Each structure stands twice: as C-alpha cells, then as structure tokens.
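Undergrad: Residue numbers (the UniProt record's numbering): 1 to 373.
Here's a structure for you.
Structure follows, in structure tokens:
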C-alpha cells in the first residue's frame, strides 16, 4: 500500500533530481526553477563588507606556479620513505596533553557517544592551561559548523567567571549552510545565569580565503582575540594563518592566542603553504609540488594505514604499523613546517604542537597552539 502511494506521488509530481547548487538534497524536477531561486545554497549576489575575493590565497609577493605534475611512481614513494624515516629520527615525539574542565563533565556524563565531548574537554582545558580562557576574550571559531566548540567554551567561561567583559563574544566563520546552530543557545546559556548583558555574536557564511579579518572586526572592537577550531581541514589551517598575518591583530597586540585541532593533511595545497613552510620542507627533501603531493598522500597513512588506494602506494611493502608511523611522520613534517613559518613571521609569540587527545578518541589528535611570549 505504501509502495502504491509512493508510485502515485511520483507519477503526479514527476522525477526527483539532485539540486544543482547542492547535491546533498533533491527536488521535484517540475519545481526545480522555483527551488533554485530560494535554495539556501544559492551563491550570494551581494557580500558582506569583509568579503575580499581571494584575499588570503597569497602572502606578500609570494608566487607559486600552478603546474600539473605527473603521477608518482614506486621509486618516488621509496625515496619519500627514506626522507620521512630520517626526519622522524630527528624530532622528539609530540607531548601528550589531554586536559579537562569541570563545566563540561555533566555534558560528558549525559552522552552515550563521548568522543566529541572528550575532544572539546581537552581543547578547552588546554585553553585554560595556556591562559586563553577568559571572559575578556573575543573568540573566533574557524570552520565552526554549528558552533558547538564555541558553546562549550562559553559554558566553561561562565563557570569560571560568572560574568563577562564588555568585549566578550564569538565570531563564527563557516562556508557551509548549517542547521541546528548553537548561536541562540550561547545567548540562552548566558540568560539562564542572569547576565545583565549578552555576549557579542557575529556569524559569517564565508570561505576563509575571502575573509578580511580587520573589516570583520570593525563593529566588534575586541581587546583580546583568541582563534579556535576543532578539526580545521587541510589548507584551511594555512589560510587561517595567512588571514591572521594579513590583519592588524598582531601589530596592535590584540591577538591573545590560537588553539586549532588540525586534520586532513591530504587536503593541503602546496600553493597555500606559507613561503617559509615551503623553505622548511625543501630543507628536509621536499623539493617541489610533486614531492609535496607524495608527502600529503602518505600523510593519509596516519589515519588509514594499509587502506591506501593509490596503486604505487599499495605496492610499498611496509607493515601496517610501519605505514602508520610513516603517515604520522608525514603529518608531523607538514605541521612542523607551519610552526617554523609562524615563528619566523610572529617572533613575539610562542608556537608549539602537541597531541590534545588519544588516538583512540580521534586519529586526528594533534593541535597547534600560539601564545604571547
């Protein structure tokens, strides 16, 4: 009976097709023209004042040729294995800094699947450990999605301070359409403890590469800025670093710090690395874009081991455990290149890498932290 009803509905309305603007949802073919006019995925005809096309895709006079490169061969992987083994012998293992905060323990106990809360707990605990958790900060969450991390930060700030400063708030940056956003819950959480004034809250649907941070902050005038993210994907981390360097928040000392959990090194772009990152890689044997493509591909071994699908990589006769270690070394090399570049560009700040949680919680368990000296 249900099948007959569905059949009649299809016959009445026609074919259902993926939306051309966002194939994650579908629409009746006969309604497509109308849907395209109101679809949330429709590109904006006008942009906010802080939109500057490709503003963060370059840094200084840096130019990298966008050249096509040939597919890697077996000997290319064997050479990279030697490079990574030598690099791994030179670096100390990352420090493990799992942390916590009492304000989120009730959240943890209420969850059956605790992995996301455990990550938030540790990140926020590390914010506090590095004096980056304060009611005077304006937090900017990059790749914020629903803003779950920001809500968790707000909960912990309210627990510690019971009040908020005049410039406390959140800037929420994400290029996607997100349902079930936490923006209103952040305000509600503040209202429930009777705060006379609500935090500043500003969300922008924008890709980081186009975001002019100074223009975004013009109406907020924060005194202290802390940048945060949980699993900032691939080159978005490099774009975020360039976004900060393109702004005035370093020179005017408003950047209080940054804590970003990184992920997806396979989605990094050679062109989007800072010039000093490429210099670092070159000194360690990554001479060009072709080498970097192999490096980022091998970085996937840190999260998928022997499940790599690229033929030359499949032929490499390494045990699963060895491939995982090589993947971690590849990931570490990319991250250390970022640390080197930031130290060169921001001498007034400390920069460090550490593992903020266990690999049993998430395979993408490393973070980068920037604090004032």
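All C-beta atoms, glycine included, are put in the ideal place defined by N, C-alpha and C.
On a predicted model such as this, the values are computed, not experimentally measured, just so you know.
Quick one: Cα of residue 83 to Cα of residue 194, how far?
TA: Answer to the nearest angstrom: the Cα atoms are 58 Å apart.
Undergrad: In three-state DSSP terms, what is residue 102?
TA: Looking at residue 102 - three-state DSSP - the assignment turns out to be helix.
Undergrad: Alpha carbon to alpha carbon, what distance is there between residue 253 and residue 269?
TA: Roughly 29 Å between the two C-alpha positions.
Undergrad: Return the bridge partner residues of residue 262 from the DSSP annotation.
TA: Paired residue(s): 232.
Undergrad: Using beta-carbon positions only, say whether residue 366 and residue 261 come within less than 9 Å of one another.
TA: Yes, these two residues count as a Cβ contact at 9 Å.
Undergrad: So what's residue 128 in DSSP terms, helix, strand or just coil?
TA: In this structure, residue 128 counts as helix in the three-state DSSP scheme.
Undergrad: Taking C-alpha atoms, which residue in 207, 17, 59 and 40 lies nearest to residue 29?
TA: Selected option, being the one with the closest Cα: 17.
Undergrad: Going by beta carbon distance, what residues of the same chain come within less than 8 Å of residue 357, once the five residues before and after it are set aside?
TA: Excluding sequence neighbours, residue 357 sits near 98, 118, 119, 122 and 365.
Undergrad: Taking C-alpha atoms, which residue in 131, 286, 165 and 172 lies nearest to residue 142?
TA: Residue 172 is the option with its Cα nearest to residue 142.
Undergrad: Which word fits residue 91, buried or exposed, when buried means at least 16 other C-beta atoms lie within 10 angstroms of its C-beta?
TA: Residue 91 is exposed by the Cβ-count criterion.
Undergrad: Determine the closest residue to residue 145 out of 359, 236, 179 and 197, with distance taken between C-alpha atoms.
TA: Closest option to residue 145, Cα to Cα, is 179.
Undergrad: Consult DSSP for residue 372 and reduce its assignment to one of helix, strand or coil.
TA: Here residue 372 sits in strand by DSSP.
Undergrad: Under a Cβ-count criterion, where at least 16 other Cβ atoms within 10 Å of its own Cβ denotes burial, should residue 89 be classed as buried or exposed?
TA: Result: exposed.
Undergrad: Could you pull the start and end residues of the alpha helix (DSSP H) that residue 86 belongs to?
TA: Segment 74 to 90, the alpha helix (DSSP H) holding residue 86.
Undergrad: Check this for me: beta carbons of residue 124 and residue 147, under 9 Å apart or not?
TA: No, the Cβ-Cβ distance between residue 124 and residue 147 is not below 9 Å.
Undergrad: Please classify residue 34 as buried or exposed, where buried requires at least 16 other C-beta atoms within 10 Å of its C-beta.
TA: Classification of residue 34: exposed, given that the 10 Å Cβ count is below 16.
Undergrad: Using the Cα positions of residue 372 and residue 225, report the straight-line distance between them to the nearest angstrom.
TA: Near 12 Å, if we compare the C-alpha coordinates of residue 225 and residue 372.
Undergrad: Can you tell me whether DSSP reads residue 140 as helix, strand or coil?
TA: Looking at residue 140 - three-state DSSP - the assignment turns out to be strand.
Undergrad: Do you know how far the Cα of residue 265 is from the Cα of residue 54?
TA: Looking at the two C-alpha atoms, the distance is approximately 21 Å.
Undergrad: At which residue ranges does the stretch 161 to 208 contain complete beta strand (DSSP E) runs of 3 or more residues, listed in the order of the chain?
TA: 169 to 174 and 200 to 205, all fully within the stretch 161 to 208.
Undergrad: Is residue 255 closer than 9 Å to residue 241 when the C-beta atoms are compared?
TA: Contact: no.
Undergrad: Straight-line CA distance for residue 85 to residue 278?
TA: Distance between the alpha carbons of residue 85 and residue 278 is about 19 Å.
Undergrad: Compute the Euclidean distance between the alpha carbons of residue 59 and residue 175, then round it to the nearest angstrom.
TA: So the alpha carbons of these two residues sit roughly 21 Å apart.
Undergrad: Quick test of the definition: if touching needs 3 or more C-beta pairs under 8 Å, does the stretch 287 to 306 touch the stretch 329 to 342?
TA: Enough Cβ pairs lie closer than 8 Å, so yes.
Undergrad: Please specify which runs of the beta strand (DSSP E), each continuous and at least 3 residues long, are wholly inside the stretch 321 to 360, giving them in chain order.
TA: Segments of the beta strand (DSSP E) lying fully in the stretch 321 to 360: 349 to 355.
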